[in-house]
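I have placed the structure first, in the form of structure tokens, so that the comments after it can refer back to it.
Number of protein chains: 2
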Amino acid sequence: METAPQRRRDPVQARSRARVDAILDAADAVFLELGFAEATTNHVAARAQTSIGSLYRFFPDKDALLVALAERYGARMQALASQLTPMDPEGATLRGLISDGIDGFSAFLLANPGFVTLIHQARHPALTAGRRAQEGQMAALIGGLSAKLAPQLTAAEVVVIGEVAQAVLSALQTLAHLHDDAPAREATLAEAKLLMTLYLSRRLGVPEDVPLARLGAGGDSGQRGA
Amino acid sequence: METAPQRRRDPVQARSRARVDAILDAADAVFLELGFAEATTNHVAARAQTSIGSLYRFFPDKDALLVALAERYGARMQALASQLTPMDPEGATLRGLISDGIDGFSAFLLANPGFVTLIHQARHPALTAGRRAQEGQMAALIGGLSAKLAPQLTAAEVVVIGEVAQAVLSALQTLAHLHDDAPAREATLAEAKLLMTLYLSRRLGVPEDVPLARLGAGGDSGQRGA
DNA sequence: TGATAACGTGAGCTTTTACTCACGTTACCC
DNA sequence: GGGTAACGTGAGTAAAAGCTCACGTTATCA
């Protein structure tokens, strides 16, 4: 299922491992500047200060660069997700959760400028599966949270809510990061927070500013231990 | 400012005009199937049942196909916009306006499957300007409506609201049309309507289900003639 | 310190593909 | 009907870019 890194030969010595990293960094930069289609493998090799032969020693073809890059970002994303979710959801409010999530993701995008470009630019078949999986993961994460907060929702509803939230967040983060100046970016992110808060509050039947811990108290499904 | 159709030679006889149309139709289909980068001009010519020479008689290069296609869609979009806006906004509610707009756009996408793909797939420089302009047009349309309904908003706020609404609508329409079955598509569109209604109602200070005509009655800025 | 394997190199091979051009065909005009 | 211009054709060209390979260099291990 996984699209393997597809290296022609795994690096075993330190120098070659560093070289592979350099090639990926170069690919990131070059794809960001020129786009995948316009970028050439010779470009990438030159940027990585290595030879085209070395590039092809570790990557079977141009697509493998894209896949490896996407995997590297996927790992970073996963780390981000597990870093953002475990903050005690009991004491937080819905608005606070959403705000923190959006801010965290925004910081990630700011630190990884190649990410948005990669994910959007490469409608390449090799990436489609990975991107879908990643989007699905994020949608599932939101859906899971939704199901926990609103047990009355059907499974189908949860799926739709997760997909919608994912799509909206992705679009608004992209829009926000089109602006180079922080104030304009923040203004857009503020709208995103408002929009998501309104939507999820209504859709999940959860008040915006009440700590989530208090919600289970009067309800029936108060299993918070688990 | 306008990126001209850039035809190498304008068709004057009927048969050549039909041929140009056929070439554009073929380009639409081929780009949809393979993507712009993978598609070849020979592909397009073959699909149009004509020769590569004829293609290059009317289009100076491959990019010109893309630009001409985008222009054709731009014209259709503009027609759609002017068809959706003039429905008497006084008698309608905010919810109704949003619902009609989303349904109308959805029908357009269903009738023009190449449109989404074209606009998203082609991060090509030749298209960027046109796409931006088109998105800006839509954002301005929403922003204009917002300013009319909520005169208390600053110009900057109106711009942000327009951009956000445009981005969200675009993302959710795309998401909806990823589903081939009508029910799933409708479910997503229903969420889009809810989300947009909640957001604009709050942001503009306009109730969701009150006919817009009644709003100016009790207010201060009742210049509805103009 | 020699043997072996991993690593590094870049000129150039090969394939792809955008694009040309010389020639043939159809339509318009008198 | 013939002259001219618009139209149509597709084998072929040229440039680009992905990728190879034979050879040189560095590291590991005995």
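These protein sequence lines are chains U and V, in that order.
Residue numbering for the first sequence follows my numbering, beginning at 1 and increasing consecutively.
Residue numbering for the second sequence follows my numbering, beginning at 1001 and increasing consecutively.
No residue lacks a Cβ here, since even glycine has one placed at the ideal position from N, Cα and C.
Being a predicted model, the structure only gives us computed values, none of them experimental.
CB contact below 9 Å: residue i versus chain U
i: ALA1039(V); result: no
i: GLU1208(V); result: no
i: ALA1156(V); result: yes
i: ARG1185(V); result: no
i: ARG1203(V); result: yes
i: LEU1212(V); result: no
Any C-beta of chain V under 9 Å from that of residue i
i: TYR199(U); result: yes
i: GLU191(U); result: yes
i: ILE195(U); result: The amino acid at residue 195(U) is misidentified as Ile; the sequence shows Leu. Chain V contact via Cβ: present.
i: HIS43(U); result: no
i: ALA29(U); result: no
i: THR188(U); result: yes
i: GLY219(U); result: Reliability of the predicted coordinates at GLY219(U) is poor, the pLDDT of 42 falling under 50, and the value obtained from them is presented with this limitation in mind. No, its Cβ sits nowhere closer than 9 Å to a Cβ of chain V.
For residue i, three-class secondary structure by DSSP
i: LEU27(U); result: According to the sequence provided, residue 27(U) is Ala. The question's Leu does not apply to it. DSSP places ALA27(U) in helix when its eight states are reduced to three.
i: ASP21(U); result: helix
i: GLY1205(V); result: coil
i: THR1085(V); result: coil
i: HIS1120(V); result: helix
i: THR3(U); result: Residue placement at THR3(U) is flagged as unreliable, the pLDDT there being 42, under the threshold of 50; a coordinate-derived value is accordingly withheld.
i: ASN42(U); result: helix
i: THR128(U); result: helix
i: PHE115(U); result: helix
i: PHE1059(V); result: coil
i: LEU1153(V); result: coil
i: ALA1139(V); result: helix
i: GLU1090(V); result: coil
i: VAL1012(V); result: coil
i: THR188(U); result: helix
i: GLY35(U); result: coil
i: GLY1225(V); result: Here the model assigns GLY1225(V) a pLDDT of 35, short of 50, so the residue's position is not dependable, and the following value carries that caveat. In the structure shown, GLY1225(V) sits in coil (DSSP, three-state: anything other than H, G, I, E or B).
i: GLN1049(V); result: coil
i: VAL210(U); result: coil
i: ASP1181(V); result: coil
Residues of its chain near residue i, where Cβ-Cβ distance is below 8 Å and the 5 sequence neighbours each way are ignored
i: LEU109(U); result: PHE115, VAL116, GLN173 and HIS177
i: ALA14(U); result: none
i: GLU41(U); result: According to the sequence displayed, residue 41(U) carries Thr and not Glu. Result list for THR41(U): ILE52, LEU55, TYR56, LYS62 and LEU65, in chain order.
i: ARG1009(V); result: ARG1057 and PHE1058
i: SER221(U); result: Confidence is the limiting factor: at SER221(U) the pLDDT is only 42, short of 50, which leaves the residue's position unreliable and the question unanswerable from this model.
i: ILE98(U); result: LYS193, MET196, THR197 and LEU200
Same chain, Cβ closer than 7 Å to residue i, neighbours up to 5 away in sequence not counted
i: ARG1131(V); result: ILE1119
i: ALA1213(V); result: GLU1090 and GLY1091
i: SER106(U); result: GLN173, ALA176 and LEU189
i: GLN166(U); result: GLU135, MET138, ALA139 and ILE142
i: ALA27(U); result: VAL44, LEU65 and LEU69
i: ARG1072(V); result: LEU1024
i: PRO113(U); result: LEU32
i: ARG17(U); result: PRO11
i: VAL30(U); result: ALA39, HIS43, VAL44 and ARG47
Close-in-space but distant-in-sequence residues of the same chain around residue i (CB under 6 Å, 5 per side omitted)
i: TYR56(U); result: none
i: SER1146(V); result: VAL1158, ILE1161 and LEU1204
i: GLY35(U); result: GLN121
i: GLY104(U); result: LEU84
Exercise for the section: Flag this pair as touching only if the stretch 152-169 of chain U and the stretch 1185-1192 of chain V have three or more C-beta atom pairs under 8 Å; answer yes or no. Expected result: yes
Handout entry: Members of the stretch 1158-1176 of chain V near chain U, C-beta cut-off 8 Å
Key = VAL1160, ILE1161, GLU1163, VAL1164, ALA1167, VAL1168, SER1170, ALA1171, LEU1172, THR1174 and LEU1175
Problem - At least three beta-carbon pairs within less than 8 Å, the stretch 11-29 of chain U to the stretch 47-55 of chain U - result: yes
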